[in-house]
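These notes concern the structure reproduced below.
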Amino acid sequence: MSSEVYINHPNFGLLYRICLLDKNSELFATLYAQRLFFIVRQVEGGELEFAPVGRADARTLVEQRMRLLRRSGQHEDYGLLQSTHRQTFQ
């Protein structure tokens with residue numbers, strides 16, 4: 211989680227990664243406004259699939275990931291994600 215990841219959405223431009231959700235999906239937000247959120251999955255053939263999510267759902271996903279990190283004892287990653295959560299949602 212220490213490295214920044216950016217991808218280009220075909221319609222909304224540059225997105226940055228907020229957090230990893232599971233093995234094949236990550237949560238991204240628009241770079242400048244931070245108002246549009248997408249779950250990005252890598253599908254067969256290496257293509258990316260974008261699924262839009264609302265702000266409340268994105269916040270819930272980040273909070274679930276924070277709980278998982280805290281329970282698994284990954285305190286450094288938890289702290290980084292907590293900081294991202296504050297910057298993005300508060």
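Going by the numbering used here, the sequence shown opens with residue 211, and the numbers climb by one from there.
The C-beta atom is built at its ideal place from N, Cα and C for all residues, glycine as well.
Three-way DSSP call (helix, strand, coil) for Phe-299 in this model: helix
Candidates Arg-275, Leu-246, Val-253 and Thr-294: closest to Gly-264 by CA position: Leu-246
Count the other C-beta atoms from every protein chain shown that fall within 10 angstroms of the C-beta of Asp-287, then say buried if there are 16 or more, exposed otherwise. buried
Identify the residues that DSSP records as bridge partners of Pro-262: which are they? Phe-248
Can you tell me where the beta strand (DSSP E) holding Leu-241 begins and where it ends? Careful: Leu-241 lies outside any beta strand (DSSP E) and carries neither H nor E.
Span of the beta strand (DSSP E), counted from its first residue to its last, around Gly-283: Here Gly-283 belongs to no beta strand (DSSP E), and DSSP marks it neither H nor E.
What does a CB cutoff of less than 6 Å around Val-253 pick up in its chain, not counting 5 residues either side in sequence? These residues qualify, in order along the chain: Glu-259.
Cβ pair count under 8 Å reaching 3, the region 216-232 against the region 289-300: yes
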